[in-house]
Each structure stands twice: as C-alpha cells, then as structure tokens.
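S.K.:
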Amino acid sequence: MRTLHVLVIALSFSPSLAAMQMPSTFSLMPVPAKVQAGSGQLVIDQSFTAASTGTSDGRLEHGIARFLDDLSRQTGMPLTVRPSDAAHATLAIHAQSAGRKVQELGEDESYTLEINASHATLTAPTALGALHGLQTFMQLVAPTPAGFAVPVVTVNDQPRFAWRGLLIDVCRHFIPLDIMKRNLDGMAALKMNVLHLHLSDNEGFRIESKRFPKLQELGSEGQYYTQAEVREFVAYARDRGIRVMPEFEMPGHSRSIVVGYPELASQPGPYKAGRIAQTEPALDVTQDKTYKFLDKLIAEMVQLFPDAYLHIGGDEVDDRPWDSNPKIQQFIRAHGMKSNRDLQAYFNQRLQKIVRKHGKIMMGWDEVLHPDLPKTVVVQSWRGQESLAAAARQGYRGLLSYGYYLDLIWPAARHYAVDPMSGGAASLTPEEQQRILGGEACMWSEHISAETIDSRIWPRLAAIAERLWSPQNVTDPKSMYQRMDEISGRLGWLGLTHESNYVPMLRRLAGREDIAALRVLADVVEPTKDYTRTEIFPQPPVQFMPLNRLADAAQPESTVARHFSDLVDTYFQNGEQKSAAEAQIRSWLNQWQQNHANLQSLLEQSFLLTEDKPLSEDLSALAAAGLQALDALDKSQSLPDQWRTDQLTVVARSNTPRANLLLMVAPSIQKLIDAAAPRH
Ligand code: ACM
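This is the structure:
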C-alpha cells in the first residue's frame, strides 16, 4: 500500500484548472469528473462494513463482496463484521436500479461518493455506477498515522465516453481464461467497460463451434475456449460492468476458418493453422454457400455473446486470391463492380443483413467504410484519426484505436496525448462528434505470450482508460505518471503479474538467484517500438517461438529512465534543486559505469543473455561519458569536438535496436554530452 498522495493542482495560478473543479485528484485514476476535498478522514479498521441499501441486485451484491475481499487483501486486515442494518454500514451503497439485463452502450454509469469522518455514502442511478464508485473508494484507502483511512471528500463522477474498451488478440498467442479474467479485474479497477475478444485470425480459431467443429479441431492447434467456458467468462465480465464483444475476421485474416472448410476459400488450399508462413487466404464471397455458412455460424455465436455488437473484422484483406480466381473476377464484371474493394463492400452488405437478422449491430475496422453500407454499422479506426472523422461525417458511429496500440510499446504519455476528439475529429460539428463513441486499446499478440501479456497491458492501459473516462482537459502527463505508478502497485493485488513476474523472468535469464547487476541493466532498457521486433522473432513467423529474452522481461516503459530524464531536466533548469539533482545523477551514473564489470561474466554464461553484452558495455560507456561531462560542466570547461563525436557514436548505437532493445537513458546522457561539448 502506497502513501496517500495528494496532488494539489496549481489551482491558484490557472483559472482554467479552477473551472475544472479539480482541487486535488488524490491518487485517483481515472481522474473523476469532480472532486471536492474536505478536511479530516474516515478511519478504516476491522469494524468497517459495507452494504447495499437500494435495489437488490446480484451484480451489486457480488461487487460489494469482491470489494470487501479486495479491501481485506490490500490492507491485510480480516474484515468479517456484517452490519446490523444496511443503513448503518460504514459505507452505505444505494443503487436506484439494477441496470439493463444485458449491459448496454450508453447506460448511466455515474455515481456520487460522499465521505465524512464517520461514514460514507455511495449513490448511483444504476448498479454500474455503484461498481465504479466502489473502485474509487478503494483507490482512496491508504495508511495514515491513525491507521488505514480514506479522506473526507465528495466525488461526483461520470464517464466522458460510453465505450472504453480493450481488444485482446487470443489468436496469435492463445491466452488462457484465468489470465483473461484477471485482466477483466484490472479493467474494472480502471472503469473500462468493453472487452473486444479477437477470436479468429489466420493463426487460430479460438472458440468451440458445435455446428462447425472443424473450426476448432483443425483451426486452433487445440487451444480454444469451450462454449461453457465462454458463457462463464461473459458472466464474469458482466459482474464487473464489462461488455464482451466478439470479433470474427472476414473475408481476410481467415486461414483458421478455411483450414477445416477449404470450400469457403477463393483458392483450393490446402491450408494449415498456426504461426506459419502461408499465403493469406480470402473467403470466396461470390458464392452463396459462404453466406449460408456464416449465417449458421453467427446464429450459433450470438447465443454465447449477448452483447448488441458483433465485429466482423474486415481489415487488411489480401485480395490476391480474388485476383487469381477467374470466376471471382467474372462475378465482379457481371455485377458492374469496379474493383475488389467494391466486392468487399458487396460482401459487407450481405453480411450486415445476416448480422442484423440475428439481432446484432455490425462493427468493422475502418476498411469496411463504403457509401453502400447502412449507417448502423460502427467503424473502428486503426489507420488514423482522419478515418474516424470521415466516418462520423458520413453518418457512421465510430471508435478510435489508432494511437492506442499497446503492442507498439509506446510510452504511456504518447497514448495519453491521443484524444478521440482531436485530429480530424476536432473540426466535426457537435452532431457529428456525438457519433464518436470512445476508443479501444489493442493488445495484438504476435510478440506476447500468456506469460508476458500482463506487463504489455499494464500499467500503460491505465493512461488510456483515463483518456476515455476523465474530462478532456485532464492532460498533464506528470500527474498521470504519478498516479499510474500508484495504480500499478494496486493492480498487483488483483493478481496481475506485470510487476511480480519481472524478477522471476530475470532469474530465468540469469540461471541463478542473484540478479542485482542484470536488474540494473534491465531497468534502463525497453523493447523496441512500433513494428521493429524481428531479430529474435525472425520473419516469416515461427511457431511457438520462445518469448524468454531480455526484450520480453524488460518493462515497456522504463521508470528509471523516466526519473533520470526528470533529474537531468531539473539539473539544466539551474534552480535551487540543481545540486541535489546532480548528486542523484552522479549516483546513477556511477552505478551504471561499474555495472558492466559486475555483469560481464553472467552475460557470457547464459545463452539467453549473450545478445545483451553490447548493451551492457554501452551502458557503462554512456555513464562514463555522463560523468566526464558533469566534471567538465562543474569546472565550466568545454570538452573537445573529438570527444563529443566519440560519445555520440555510443549514443547513436544505444538508440538503435539491438537484441530488440533500446537503452533508454541515452537521450538524457546526450543532453549532458551536448552541454559539456557544445557544437561551434
Ligand atoms: C489492424 O490492426 N489490422 C486492425
């Protein structure tokens, strides 16, 4: 449990912040719509009770039981007292209604939490809002001199966007349900409300079909969810205020479908599932039997997924199989179409009628956008903010995913800066802006496994969750990072392994218990960004490639490098903190400079670490350069051009992927080098 962290936003200096009515955010994430801090606190000891005084609702009762469990685990205190009368519980929870039987987009998720020195009240129009309010209360609990406590405060909160999602790709790497469930717990803690389950792709078909069993038998390598498991999983999500939307990819990304049913493909096959190099198939969308198959498959799948939305993929269709099939090209000409793109639009129109017949609203990636599609179709934008705006202008509702791809290993601040209403959307009319429903982070799983997925999602997803929930003017990355660091620790109590797996993975690399020197290096590297990961995952993709290197153990965003960068900035601001900052910078640089001598023999002993030796050498070299630069700056000396040239060679290497890693302290050390050896 971290200390209660009161972030007082510079209220007196900034009238626009005052208008935000956000005197303090404590450590709350996402930042609520309105927080009014009082004075004093409500102590939470073992007499603490929580009970519902409003509508009786199974989902809320489960939520309260879970809340008490979590509170007990996070404080280490058994909480066994039941209130004699719900109205006299320490925390009295009043939901006016249970909410919809099937959770709907746009349901009221607001809540009001009032805490005074003797008790607390949580009120909400629906059980959904009450569940969110419980998460807020939990985040306020912290140790104080008088015991665990929450501050006296009033929170009035509601989300900015109705759709706050996470896509998990369970195709490229299968993710078992226990791991999926703990990620739902994390999402609920951050008030996210949609899990987008990417269930079929070239590499795997991950759900049981009783109607077409060859889908999972031949298309999954034995890794799929049974229907009973899916039902239980969807109920688990509902209990946490999370909708589950399935995605079945078509007409491209469909190899795992045509493995068992090659008659649906545009070329005869045969096909194989899994992470192998094989030409991308495309469904033959000119034949009626393809639609009959999809009609029956969708009829079966909608029984498992009560959500109103069904995602049909539609992205990145490799249309070469259409080009090389004379029957398909003849069909295009006979129907007066101009291109394969028109053929995909024809397919989407027929598919949309099937989806609608089964009571669902069709959703697709932005490639599905075509003037012939009905306006009910929802567009998910992954190629840019312009396509989201274009869809909204044409009357379609849409979601933003561009800018929220967790697999690109961007820093949280970069995701945080992407707003669904910025870019092209900023020039939309208010009516068009209404069509932007929110956003979804995407966790594509080419380079993650069941072991590493938590650390690739968390804690960075918290920044995107805040972007989608909090008021638009909540944008300060410094505040975000402070709160994200706090939340990261709290997420560990839910069973998420993004922090707890780090040391075991480093020990595996080292083959021994003492990893002190390895950790010094691991703490300052990050996996390469964007789509650059190819060195230890060679192309074409190889099945079941181990993901057990330093690039897999390393955190997506180095906290040490971020703090070091802040120290260097403080040093150059030349204020009263300068000498304290310099002392800390020197302490880091000394540690890094000596580290390679401590680490070298280990790097030579484990085959998993050999590739990291040049990085370790360069960390020491960079640190030495940083120390020389500080010495020169202290004496107001200028170091020679040749020295700068030599050091910048090391900096450039460090900024270039090696072993799929970057040395993240290089840019800050470069600032010291540049200052000590200025260009003339
Ligand atoms: C996508 O990333 N192709 C949706």
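Taking the working numbering, the leading residue of the sequence shown gets 2, the next gets one more, and so forth.
Beta carbons: idealized from backbone N, C-alpha and C, even for Gly.
Spatial neighbours of Arg232 within its chain, please: C-beta separation below 8 Å, excluding the five flanking residues on both sides.
M.R.: If you number the sequence shown from 1, residue 232 lands on position 231. These residues qualify, in order along the chain: Leu305.
S.K.: What residues sit near the ligand PLP, counting only those whose C-beta is closer than 6 Å to one of its heavy atoms, in chain order?
M.R.: In terms of ligand content, the structure shown lacks the ligand PLP and carries the ligand ACM instead.
S.K.: In whole angstroms, give me the CA-to-CA distance for Ala87 and Ser456.
M.R.: Residue mapping note: residue 87 aligns to position 86 of the sequence shown, counting from 1. Residue mapping note: residue 456 aligns to position 455 of the sequence shown, counting from 1. Going from the Cα of Ala87 to the Cα of Ser456 covers about 40 Å.
S.K.: Under the rule that 16 or more other beta-carbon atoms within 10 Å means buried, what is Glu368, buried or exposed?
M.R.: Taking the first residue of the sequence shown as 1, we reach residue 368 at position 367. When all chains shown are included, Glu368 counts as buried.
S.K.: Taking all protein chains shown into account, decide if Pro271 is buried (16 or more other Cβ within 10 angstroms of its Cβ) or exposed.
M.R.: Here residue 271 corresponds to residue number 270 of the sequence shown, with the count starting at 1. Exposed, since its Cβ has fewer than 16 Cβ neighbours within 10 Å.
S.K.: Within 7 Å of any Cβ in chain D, is that where the Cβ of Ile465 sits?
M.R.: This model lacks chain D altogether; it includes just one protein chain.
S.K.: Could you pull out every residue in the same chain whose Cβ sits closer than 6 Å to the Cβ of Leu673, ignoring the five residues on either side in sequence?
M.R.: Here residue 673 corresponds to residue number 672 of the sequence shown, with the count starting at 1. So the qualifying residues of the chain are Gly627 and Ala630.
S.K.: Determine, using beta carbons only, whether Gly205 and Ala274 come nearer to each other than 7 Å.
M.R.: Within the sequence shown, the letter at position 204 stands for residue 205. Within the sequence shown, the letter at position 273 stands for residue 274. A contact, by the Cβ cut-off of 7 Å.
S.K.: Where does Arg415 sit, in a helix, a strand or coil, going by DSSP?
M.R.: Position 414 of the sequence shown, counting from 1, holds the residue named residue 415. Three-state result, Arg415: helix.
S.K.: Going by beta carbon distance, what residues of the same chain come within less than 6 Å of Met181, once the five residues before and after it are set aside?
M.R.: For the purposes of this step, residue 181 is identified with residue 180 of the sequence shown, where counting begins at 1. If we look at Met181 and ignore the five residues flanking it on each side, it has no Cβ neighbours.
S.K.: In terms of residue numbering, what span does the beta strand (DSSP E) encompassing Tyr310 cover?
M.R.: The residue given as residue 310 occupies position 309 in the sequence shown. Tyr310 to His312 is the extent of the beta strand (DSSP E) around Tyr310.
S.K.: Under a Cβ-count criterion, where at least 16 other Cβ atoms within 10 Å of its own Cβ denotes burial, should Lys192 be classed as buried or exposed?
M.R.: In the sequence shown, counting from the first residue as 1, residue 192 sits at position 191. Its Cβ being crowded by 16 or more others within 10 Å, Lys192 is buried.
S.K.: Go ahead and label Tyr532 buried or exposed: buried means 16 or more other beta carbons lie within 10 angstroms of its beta carbon, across all protein chains shown.
M.R.: Taking the sequence shown and counting its residues from 1, the one referred to as residue 532 is at position 531. Label assigned to Tyr532: exposed.
S.K.: Roughly how many angstroms separate the alpha carbons of Trp383 and Ser48, rounded to a whole number?
M.R.: Counting from one through the sequence shown, the residue named residue 383 turns up at place 382. Counting from one through the sequence shown, the residue named residue 48 turns up at place 47. Using only the alpha carbons, I get a separation of about 50 Å.
S.K.: Just the Cα atoms here: how many angstroms apart are Pro668 and Val419?
M.R.: Against the sequence shown, residue 668 aligns to sequence position 667. Against the sequence shown, residue 419 aligns to sequence position 418. C-alpha separation (whole angstroms): 23 Å.
S.K.: Short of 6 Å in beta carbon distance, which residues of its chain neighbour Ser111, apart from the five on each side in sequence? Order them along the chain.
M.R.: Here the question's residue 111 lines up with position 110 in the sequence shown. The answer, listed in chain order, is Gly130 and Gln159.
S.K.: In angstroms with no decimal places, state the Cα-to-Cα distance between Val521 and Trp593.
M.R.: Residue 521 sits at position 520 when you count from the first residue of the sequence shown. Residue 593 sits at position 592 when you count from the first residue of the sequence shown. For Val521 and Trp593, the distance between alpha carbons rounds to 7 Å.
S.K.: Write down the C-beta distance between Arg491 and Gln136 rounded to the nearest angstrom, noting that I regard them as a contact closer than 8 Å.
M.R.: Position 490 of the sequence shown, counting from 1, holds the residue named residue 491. Position 135 of the sequence shown, counting from 1, holds the residue named residue 136. Not really, about 10 Å apart at Cβ, beyond 8 Å.
S.K.: Hey, is the stretch 254 to 268 in contact with the stretch 280 to 291, meaning 3+ C-beta pairs nearer than 8 Å?
M.R.: Cβ pair count under 8 Å is three or more, so yes.
S.K.: Can you tell me whether Phe608 is buried or exposed, with buried defined as 16 or more other CB within 10 angstroms of its CB?
M.R.: Sequence index remark: in the sequence shown, residue 608 carries index 607 (1-based). By the neighbour-count rule (16 or more Cβ atoms within 10 Å), Phe608 is not buried but exposed.
S.K.: Nearest-angstrom Cα distance between Gly440 and Leu295?
M.R.: Numbered from its first residue, the sequence shown carries residue 440 at position 439. Numbered from its first residue, the sequence shown carries residue 295 at position 294. Each residue's alpha carbon lies about 28 Å from the other.
S.K.: DSSP on Arg276, reduced to helix/strand/coil?
M.R.: Walking along the sequence shown from the start, residue 276 turns up at place 275. Correct three-state label for Arg276: coil.
S.K.: Could you pull out every residue in the same chain whose Cβ sits closer than 8 Å to the Cβ of Arg207, ignoring the five residues on either side in sequence?
M.R.: The residue labelled residue 207 in the question sits at position 206 within the sequence shown. Answer for Arg207: Val171, Cys172, Phe175, Leu200, Ser201, Gln217, Ser221, Gln224, Tyr225 and Tyr226, listed in chain order.
S.K.: Should Gly425 and Ala390 be called a contact, given that it needs their Cβ atoms to be closer than 7 Å?
M.R.: Position 424 of the sequence shown holds residue 425. Position 389 of the sequence shown holds residue 390. In contact: Gly425 and Ala390 (Cβ atoms closer than 7 Å).
S.K.: Can you list the alpha helix (DSSP H) stretches of 4 or more residues lying completely in the stretch 449 to 525, in chain order?
M.R.: The stretch 449 to 525 contains these whole alpha helix (DSSP H) runs: 454 to 458, 461 to 470, 478 to 493, 503 to 511 and 517 to 523.
S.K.: Name the residue from Lys361, Ser255 and Leu374 whose alpha carbon lies nearest to the alpha carbon of Asp319.
M.R.: Position 318 of the sequence shown, counted from the first residue, corresponds to residue 319. That would be Ser255, whose Cα lies nearest to the Cα of Asp319.
S.K.: Are the Cβ atoms of Pro247 and Ala451 separated by less than 7 Å?
M.R.: Position 246 of the sequence shown holds residue 247. Position 450 of the sequence shown holds residue 451. Result no, Cβ atoms of Pro247 and Ala451 do not sit closer than 7 Å.
S.K.: For Pro412, which residues from the same chain have a beta carbon less than 7 Å from its beta carbon, with the 5 sequence-adjacent residues on both sides left out?
M.R.: Start at 1 with the first residue of the sequence shown, and residue 412 comes out as number 411. Correct list, in chain order: Glu558.
S.K.: In angstroms with no decimal places, state the Cα-to-Cα distance between Met188 and Gln104.
M.R.: Along the sequence shown, one-based indexing puts residue 188 at 187. Along the sequence shown, one-based indexing puts residue 104 at 103. Roughly 16 Å separates the two Cα atoms.
S.K.: Determine the contact status of Thr54 and His95, defining contact as a CB-CB distance below 7 Å.
M.R.: The count along the sequence shown starts at 1 and reaches residue 54 at position 53. The count along the sequence shown starts at 1 and reaches residue 95 at position 94. In this structure, His95 lies closer than 7 Å to Thr54 by Cβ.
S.K.: So does the stretch 72 to 82 actually touch the stretch 34 to 50, counting three or more Cβ pairs closer than 8 Å?
M.R.: Output reads yes: the stretch 34 to 50 touches the stretch 72 to 82.
S.K.: Under a Cβ-count criterion, where at least 16 other Cβ atoms within 10 Å of its own Cβ denotes burial, should Asn474 be classed as buried or exposed?
M.R.: Working through the sequence shown from its first residue, we reach residue 474 at position 473. It is exposed - the Cβ of Asn474 has fewer than 16 other Cβ atoms within 10 Å.
S.K.: Is Arg394 closer than 7 Å to Val379 when the C-beta atoms are compared?
M.R.: Stepping through the sequence shown from its first residue, residue 379 is reached at position 378. Stepping through the sequence shown from its first residue, residue 394 is reached at position 393. Not a contact, by the Cβ cut-off of 7 Å.
S.K.: Could you say which of Pro615, Lys636, Cys443 and Asp619 lies nearest to Leu196 if we only look at CA atoms?
M.R.: Walking along the sequence shown from the start, residue 196 turns up at place 195. Closest by alpha carbon: Cys443.
S.K.: From what residue to what residue does the beta strand (DSSP E) around Lys35 run?
M.R.: The count along the sequence shown starts at 1 and reaches residue 35 at position 34. Counting along the chain, the beta strand (DSSP E) containing Lys35 begins and ends at Lys35 to Val44.
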